[in-house]
């Protein structure tokens with residue numbers, strides 16, 4: 716019973732261990748500002764924006780979303796498409812430049828040491844042949860290391876140049892991207908308006924064509940009734956005209972029909 720309190724911290728540590736092990740190191744992809752959302756919803760408020768190359772830890776994934784922990788104790792949800800497990804070109808370039816600078820310092824130190832060893836060997840040659848042989852051997856080894864370091868420096872320089880060229884090709888200023896997106900939006904809006912105008916024009920033409928096509932059909936279907944109705948109207952008009960003329964004549968002649 717007395718050992719139980721001592722075991723509690725160890726048990727808690729075991730419970731927390733999977734979450735720590737499961738954390739995944741990722742980076743923000745090239746040339747991007749990624750927003751960290753407060754909730755598991757990309758429409759929620761953005762609590763922080765991280766630039767390209769920011770090192771983050773993924774503690775949970777849910778579909779295309781990832782819950783991350785970043786610098787300054789920032790925690791939230793981001794779009795997983797903006798994360799990569801491989802350091803982006805900008806981060807690799809900075810690391811290579813630092814390694815190149817350190818290598819150049821080592822080269823300078825090695826050259827100084829080689830010169831010193833050569834001078835020492837020249838001064839010690841008259842004193843002892845054994846010491847001269849040892850110094851000569853060390854000098855040869857040092858020159859071999861110096862040659863290897865120079866070769867490595869050349870390779871690093873080539874990688875740095877390639878990464879710089881890659882960054883120049885893939886980098887687009889944010890302002891230029893915004894202008895390009897706005898131009899595309901305006902073009903799409905204009906195309907949409909033109910499409911609406913064409914649809915309206917086609918609908919109007921279709922309505923007129925339908926009406927024009929219906930007229931012959933109506934005439935064919937009601938030809939006889941229409942003809943009879945026209946004859947009846949003519950007869951009524953003729954009879955009405957005769958009646959009116961007769962009334963006018965009788966008024967003129969005192970009510971007598973002449």
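Numbering (my numbering), first residue to last: 716 to 973.
Backbone N, C-alpha and C fix where the C-beta goes; we use that ideal spot for every residue, glycine too.
For residue i, does the three-state DSSP call read helix, strand or coil?
i, result
"residue 863", "helix"
"residue 919", "helix"
"residue 769", "coil"
"residue 755", "coil"
"residue 748", "coil"
"residue 801", "coil"
"residue 775", "strand"
"residue 840", "Unreliable positioning characterises residue 840 in this predicted model, as indicated by a pLDDT of 46, which lies under 50. A coordinate reading is not provided."
Tell me the rounded alpha-carbon separation between residue i and residue j.
i, j, result
"residue 939", "residue 955", "24 Å"
"residue 877", "residue 810", "14 Å"
"residue 797", "residue 784", "15 Å"
"residue 978", "residue 802", "In the structure as shown, the chain starts at 716 and stops at 973, and residue 978 therefore has no counterpart that could be examined."
"residue 952", "residue 919", "40 Å"
"residue 752", "residue 915", "43 Å"
"residue 757", "residue 775", "16 Å"
"residue 911", "residue 917", "10 Å"
"residue 759", "residue 789", "16 Å"
"residue 941", "residue 958", "26 Å"
"residue 961", "residue 946", "23 Å"
"residue 905", "residue 874", "46 Å"
Bridge partners for residue i per DSSP, in chain order?
i, result
"residue 785", "789"
Just confirm the distance between the C-beta atoms of residue i and residue j, as a whole number of angstroms; I'd bet it's less than 8 Å.
i, j, result
"residue 755", "residue 792", "5 Å"
"residue 808", "residue 879", "7 Å"
"residue 741", "residue 771", "5 Å"
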